[in-house]
Structure formats: structure tokens, C-alpha cells
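Quick note, the sequences are listed as chains V and Z, same order.
Mapping of the first sequence onto the working numbering: residues 1 to 96, in sequence order.
Mapping of the second sequence onto the working numbering: residues 1 to 244, in sequence order.
Yeah, the Cβ is synthetic: ideal placement off N, Cα and C, and Gly gets one too.
Heads up, the thing below is written out as C-alpha cells.
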Amino acid sequence: MKQIKEVSTRLEIAKKKIADNHEINKGSNAASLGKALKISTELVAAVAVGVTIGFLLDNWFGTKPILIICFFFMGVAAGIINVFRSAKKMQKNYKD
Amino acid sequence: MSLNPMHQFEVYKIGPEININGINLSFTNASLFMAISATLIILFLFLGTKKKLLVPSKIQLITEMSYTFVAKMINDTAGSSAKSFFPFIFTLFMFILFCNMVGMLPYSFTVTSHIIVTFILASIVFVGVTIIGFAKHGIKYLELFVPKGVPLVLLPLIVIIEVISYLSRPVSLSVRLFANMMAGHTMLKVFGGFVISLGLLGGWLPLGFSVALTGLEILVAFLQAYVFAILTCIYLNDALNLHH
Numbered sequence: 001m002k003q004i005k006e007v008s009t010r011l012e013i014a015k016k017k018i019a020d021n022h023e024i025n026k027g028s029n030a031a032s033l034g035k036a037l038k039i040s041t042e043l044v045a046a047v048a049v050g051v052t053i054g055f056l057l058d059n060w061f062g063t064k065p066i067l068i069i070c071f072f073f074m075g076v077a078a079g080i081i082n083v084f085r086s087a088k089k090m091q092k093n094y095k096d
Numbered sequence: 001m002s003l004n005p006m007h008q009f010e011v012y013k014i015g016p017e018i019n020i021n022g023i024n025l026s027f028t029n030a031s032l033f034m035a036i037s038a039t040l041i042i043l044f045l046f047l048g049t050k051k052k053l054l055v056p057s058k059i060q061l062i063t064e065m066s067y068t069f070v071a072k073m074i075n076d077t078a079g080s081s082a083k084s085f086f087p088f089i090f091t092l093f094m095f096i097l098f099c100n101m102v103g104m105l106p107y108s109f110t111v112t113s114h115i116i117v118t119f120i121l122a123s124i125v126f127v128g129v130t131i132i133g134f135a136k137h138g139i140k141y142l143e144l145f146v147p148k149g150v151p152l153v154l155l156p157l158i159v160i161i162e163v164i165s166y167l168s169r170p171v172s173l174s175v176r177l178f179a180n181m182m183a184g185h186t187m188l189k190v191f192g193g194f195v196i197s198l199g200l201l202g203g204w205l206p207l208g209f210s211v212a213l214t215g216l217e218i219l220v221a222f223l224q225a226y227v228f229a230i231l232t233c234i235y236l237n238d239a240l241n242l243h244h
């Protein structure tokens, strides 16, 4: 009985240690690097998709420069929304 | 030619040329290294699960760790309803991880440094997630493009922006993996070229850089596989639970 109690106490201590380590690791370099890479590509990808859609629609309707300009700006907006959303998600994760 | 940093990304065919209906289906070095990665994964998991010891051996420990790592990731980001997608995400994660890691070996070929490979992987995720979303919610899945509390005047603009944002997912997913792998390997090769061209006198500094960059590249190889898998989980979560 005494042995079981001892083991469970040691387990508790070990679990606490793991939890503490987890806290420290939250802001570690690797995770931050991943987040930074994620955000930068998100902004660029949305602009690229916007421009591509604009280019295709322009070719289709024959309205050469108008739609590509419109969709470029909408792509920028979509990119900023992407970045804003993932930043908000990170903030929420960090608080938990 | 060996000093050309882009030479390592060249795809060439191995064995006879196979042409079916004008589509070139020859076995290339890219296919070879994909096959090697897949074989290594099967071997690794087979060896890891062959002897189920209570006190695990090293390889069993690594196998179990990779299992719990992915299972926990799915549970944390997509919730318990995404449990049934574990095989897919585990396969995706392991495949990208092994392709990246096999690419780190000298004289090997990095499959994930070609955008077509990563784009196909991302497209599978994108199309799959879209189908799952429509299968689960029907036409209501389109609500994803209509955020709540937007004035009616702005709605058409917002919907277009949301659609672009949704379509940018596979692009950002694939470009991220491809760009990281290709940039890292080019950089390694450039520094390796400096070592040779500067010779015994000045080559030590780029050699040090090369060693450090190799470490960084191994980190990036793991990280990109992780990011790819976790974003798949996030997109799956959007499709399954449909809320912003």
C-alpha cells in the first residue's frame, strides 16, 4: 500500500514537471519560426490567387486591365484577413 | 556543373520511357525517392509494431510517439469528431516528413522541393475538405463565405474576398512547403560550393555555415511536415464544425 502511494506521488511530481516544461516550450523558437513562415505565405498566396482569378476573368470577358486591378486589391484584402485570423488564433492559443 | 546549386532539382527518367496517350509516365528519380520514402515508412512502422513490449524498445517508442503526436494534434485542433480522419493525416504527415528527411541525405533527391508534388498534396487536402464540408452540411457549407454581422451593402465584396481567402489555402499550403525545402537545399548547395571554390585557406567559414544550415534544415524538414499536417487539421475543423 505504501509503495503504491509512493509511486503515485512520484507520478504527480513527474506530471507537474512535464506541465511546467510544456509552459516553457509554448514560446519556443521552432514553433515561432513555424508561425512566422505560415503568416508570410498566407499573405502572398491570397494576392497570387486574386491576381490569377482577375487575369482569367479578364481574358474571358475581354476587359483587359480592369478586373485584374480589382481582384488584386481584393486579394490583398483576403491576405490581410488571412493573416488577421491566424494571428487571432495564435493569440487565443497562447492565452489558454 | 556540380557547382550549379539548381542542378540537384533536376528530374530525369530512370529506365525506359513509358508513354500512354501522349502522357509521359516514365519512372523518374522523383518517383524513385517517393517509393523509397514510402518503403521506409512501411518498414519503420512494421518494425515498430512487430514486437509489442510493455517496456518498449527504441523503435517501438518512436513509432508510438509519432502515433500519439499526430493523435494529440488532431484532438487539439479538430476535436474528437475528426478522429476518423486519423489514418489520412498520419499518412500525410509521415509521407512529407520522410520525403523531407530522405532529401537531407547526401546524393538524394528532395521530392517536396517540386511545387507540383506539394500542390497535388495540398489539392487532395483542399478537395477532400470541401467534399467533407458539403457532405456534412449540404448547401449550408456555403455559409462559410458569409460572416455574421456584415451590412448588406458590403456583402458581395466580402463574399468575393472570403472566396479568394478560401481558394488561397492550397496555394499557401503548397508554396510554403515547396519554398522552404527548395530555398534550404539551394542555400546548402551554395555554401557547399563556396567550400570548394575557396579551398583549404578560406573554406572553413562556409563549411561551418554548411554544418549549421544542415541542422536548421532538419528542423525545417520536421517543422514543415508538422505545419502541413496541423493546417490540414484546422481546415478539417472548419469543414466539420462550421463556425468562425
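Taking VAL125(Z) as the centre and dropping the five residues before and after it, the same chain places the C-beta of THR232 closer than 6 Å to its C-beta, in chain order. Under the criterion of beta carbons closer than 8 Å, PHE98(Z) and PRO170(Z) do not qualify as touching, at roughly 22 Å. Between the alpha carbons of MET181(Z) and ALA221(Z) lies a distance of about 7 Å.
When CB distances to chain V are screened at a threshold of 9 Å, the residues of the region 177-211 of chain Z falling below it are ALA179, ASN180, in chain order.
When the five nearest sequence neighbours on each side are left out, the beta carbons in the same chain lying within less than 8 Å of the beta carbon of ILE41(Z) are those of MET94, PHE95, PHE98, in order along the chain. What VAL175(Z) touches in chain V, judged by beta-carbon distance under 9 Å, is THR41, VAL44, ALA45, ALA48, going in chain order. The Cβ-Cβ distance between LEU236(Z) and VAL129(Z) falls below 8 Å. Not a single unbroken stretch of the alpha helix (DSSP H) spanning 4 or more residues falls wholly within the region 35-61 of chain V.
Assigned with DSSP and collapsed to three states, THR186(Z) falls in helix. Counting the other Cβ atoms within 10 Å of the Cβ of LEU56(V) gives fewer than 16, which makes it exposed. For PRO206(Z), the enclosing alpha helix (DSSP H) stretches over residues 204-241.
Contact between the region 15-32 of chain Z and the region 128-146 of chain Z is absent, with fewer than three C-beta pairs closer than 8 Å.
Looking only at ALA122(Z), VAL55(Z), LYS50(Z), LEU92(Z), the smallest Cα-Cα distance to SER37(Z) is reached by LEU92(Z).
For VAL171(Z), the closest Cβ of chain V is nearer than 8 Å.
The beta carbon of MET90(V) sits no closer than 8 Å to any beta carbon of chain Z. Only those residues of the region 153-164 of chain Z whose C-beta falls short of 8 Å from the nearest C-beta of chain V are listed: LEU157, ILE160, ILE161, GLU162, ILE164.
SER80(Z) sits exposed, since fewer than 16 C-beta atoms from the chains shown fall within 10 Å of its C-beta. Pairing LEU157(Z) with LEU144(Z), the inter-Cα distance amounts to about 15 Å. Not a single CB atom of chain V sits nearer than 8 Å to the CB of SER113(Z).
Under the 10 Å beta carbon count, ASN100(Z) is surrounded by 16 or more other beta carbons and is classified as buried. The beta carbon of VAL195(Z) sits closer than 7 Å to the beta carbons of GLY203, PRO206, LEU207, SER210 from its chain, once the five residues preceding and following it are set aside; these are given in chain order. Burial check for SER57(Z): the Cβ neighbour count within 10 Å stays below 16, so the residue is exposed. The C-beta separation of ALA122(Z) from LEU167(Z) comes to about 12 Å, leaving the pair out of contact by the 8 Å criterion. In the structure shown, ILE18(Z) adopts coil according to DSSP, grouped into three states. Cβ-Cβ separation between GLU42(V) and SER86(V): approximately 6 Å, consistent with a contact (criterion under 8 Å).
Contact holds between the region 72-81 of chain V and the region 147-163 of chain Z, because three or more Cβ pairs, one in each stretch, are under 8 Å apart. Assignment of ASN24(Z) by DSSP, reduced to helix, strand and coil, places it in the strand class. In this chain, ALA82(Z) is not harboured by any alpha helix (DSSP H), its DSSP state being neither H nor E.
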